[in-house]
Amino acid sequence: MADPRFFTSVGPLKLGALAEIAGAVLSDGADPERVIRDVAPLDRADADSISFLDNRRYLAAFEVSQAGVVIVDPSLAKRAPAGMDLLLTKQPYRGYALVAQAFYPEPKSDGVVHPTAIIDDSAVIGKNVSIGAYSVIGARAEIGDDVRIAAHCVIEDGVTVGKGTRLHAQVMLSYCMVGQNCELHSGVRLGARGFGFALDPAGYVDVPQLGRVIIEDGVEVGANTTIDRGAGPDTRIGAGSKIDNLVQVGHNVTTGRGCVLVAQSGVAGSTELKNHVIIAAQAGVAGHLTLGNGAKLAACSATMRDIDDGESYGGTPAMPIKEYFRLYTLWQRQLKEQKKKHD
């Protein structure tokens, strides 16, 4: 059970309702009126809990689990212990995510504005907006309905934040427009000056960064991630994208819908990511490139060239992932041969 100091459950919920939420089918004999009190991992669940199996690594734990109900692929139903009810779906992890959301829904705005918050008279604040202690909202800023702004946030002049978006503590927004139902975690910095300057023997000459950051609807940005404003064109993050902690996105970068940027990855200026691109942890993308729809870049890789639609690349410099693994296997063989010669 989640720690009630931090998480509030709305359970119990009936099994039939949970099956509908998960998009799953009840196993034979399961009672849709059965009451389930909470979600729990396989190894800690009890008869009143619901769990899930998505990774075959945990098949042994599934076979001895005390969970009353498990969300599982139909192909593994026969491995369930006696007396366990099942929710059968080809997407058990997705099903669990929806069930867990049902037990622990995201808190809604309480509409409370802390007395220490500083709000410019020209700012437009929507209905039911909560604003935490010592947060600052600048001139002409526009905050949509049901927005939640935690403590010590700074929303600078002219910034807009769409309906239902949540800002965690110490978020700073400048030169940006944030869409609806986004989530910006603690320490996010949007709209800082892009890293652009002209080289000159007498010293570097800064190029004014005159663009914005546009965050489309439903985007999540992780803690301490930075997204620079454009130099003239805007920096744009496409709807539904997920950006992890400690990611750097440079000026003029654009992403399509549903892109995923994992922790400590970076994208240099003026690069375009098409729809559903995945950049794994600590991977880097050079500037002025295009990564096609569904392209993937493996962890700790660095690409200095375009990647076509659907291609997976890895290594430094990055190459098609199959070529990389062939080379890796060859290197391992060479190392073993050299070791034999020296032994």
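Final position of the sequence shown in the working numbering is 966; the numbers increase by one with none missing.
Beta carbons are placed, not taken as given, at the ideal position from N, Cα and C, and that holds for glycine.
Fair warning: this is a prediction, and the values are worked out from it, not measured in the lab.
Check, Outcome
"Which stretch, first to last residue, makes up the beta strand (DSSP E) that contains LEU711?", "708 to 711"
"List the endpoints of the continuous alpha helix (DSSP H) containing TYR951.", "944 to 965"
"Tell me whether ALA815 sits in a helix, a strand or coil according to DSSP, three-state version.", "strand"
"Using only CA atoms, which one of ILE760, ASP768, ARG667 and GLY879 lies nearest to HIS775?", "ILE760"
"I'd like the list of long-range same chain contacts for ALA647, defined as Cβ closer than 7 Å, with 5 residues on each side in sequence excluded.", "ILE694, LEU710, LEU711, THR712 and GLY718"
"For GLY787, which residues in the same chain have their Cβ closer than 6 Å to its Cβ, ignoring the five residues on either side in sequence?", "ASP769, GLN803 and ASN804"
"As a quick exercise: from LEU912, ASP929, GLY863 and SER893, pick the residue whose alpha carbon is nearest that of VAL883.", "GLY863"
"Which whole-angstrom value describes the C-beta separation of HIS911 and THR894, a residue pair presumed to lie in contact below a C-beta threshold of 8 Å?", "6 Å"
"Just to confirm, is the Cβ distance from LEU638 to VAL692 under 8 Å?", "yes"
"Around the Cβ of GLY652, are there at least 16 other Cβ atoms within 10 angstroms (buried) or fewer (exposed)?", "exposed"
"Quick one, which of LEU665, ASP626, PRO728 and MET707 has its alpha-carbon nearest ILE644's?", "PRO728"
"In chain order, which continuous runs of the alpha helix (DSSP H) of length 4 or greater are located wholly inside the segment 871 to 924?", "none"
"Quick one: grab the DSSP three-state call for THR726.", "In the sequence as displayed, the identity of residue 726 is Phe instead of Thr. Looking at PHE726 - three-state DSSP - the assignment turns out to be helix."
"Which whole-angstrom value is the C-beta distance of ARG859 and ILE837, which I expect to be below 8 Å?", "4 Å"
"Within a Cβ cutoff of 6 Å, which residues of the same chain sit near VAL794, ignoring the five residues on either side of it in sequence?", "CYS776, LEU807 and VAL811"
"Less than 8 Å separating the beta-carbons of LEU636 and ALA725?", "yes"
"Helix, strand or coil for GLU934, going by three-state DSSP, please let me know.", "coil"
"Report, in whole angstroms, the separation of the C-beta atoms of ASN868 and LYS897, which I expect to be a contact under 8 Å.", "ASN868 to LYS897, Cβ: 24 Å. No contact."
"Between the segment 665 to 683 and the segment 731 to 749, do three or more beta carbon pairs fall short of 8 Å?", "no"
"Any idea if MET800 is buried or exposed, counting beta-carbon neighbours within 10 angstroms, 16 or more meaning buried?", "buried"
"Using alpha carbons as the reference points, say which of VAL782, ARG628 and ALA642 lies closest to ASP654.", "ALA642"
"Out of ILE766, ALA640 and LEU790, point me to the one whose CA is closest to LEU730's CA.", "The sequence shown places Pro at residue 730, not Leu. Checked all of ILE766, ALA640 and LEU790; the closest Cα to PRO730 is LEU790."
"Helix, strand or coil for ALA764 per DSSP?", "coil"
"Sort out for me which residues DSSP pairs LYS637 with in a bridge.", "VAL658"
"Work out the CA separation of ARG771 and THR631 for me, nearest whole Å.", "18 Å"
"Is it right to say VAL687 is buried, meaning 16 or more other beta carbons lie within 10 angstroms of its own, or is it exposed?", "exposed"
"Which residue from LEU682, GLN689 and GLY853 puts its Cα closest to that of ARG702?", "LEU682"
"Mind checking if ASP823 is an interface residue toward chain D, Cβ cutoff 8 Å exclusive?", "No chain D appears in the structure shown, which is made up of a single protein chain."
"CA-CA distance, GLY855 and ILE944?", "35 Å"
"When you compare each of THR913, MET942, ASP932 and ASP931 to ALA922 by their alpha carbons, which one comes out closest?", "MET942"
"With the cut-off set at 8 Å, would you say ARG967 and GLY834 are in Cβ contact?", "What the structure shows of the chain is the stretch from 624 to 966, and residue 967 is not part of that stretch, so it cannot be assessed."
"In the DSSP output, which residue or residues are listed as bridge partners for LEU790?", "ILE772 and LEU807"
"Does the beta carbon of LYS786 fall short of 7 Å from some heavy atom of the ligand SAM?", "This structure lacks the ligand SAM; in fact it carries no ligand of any kind."
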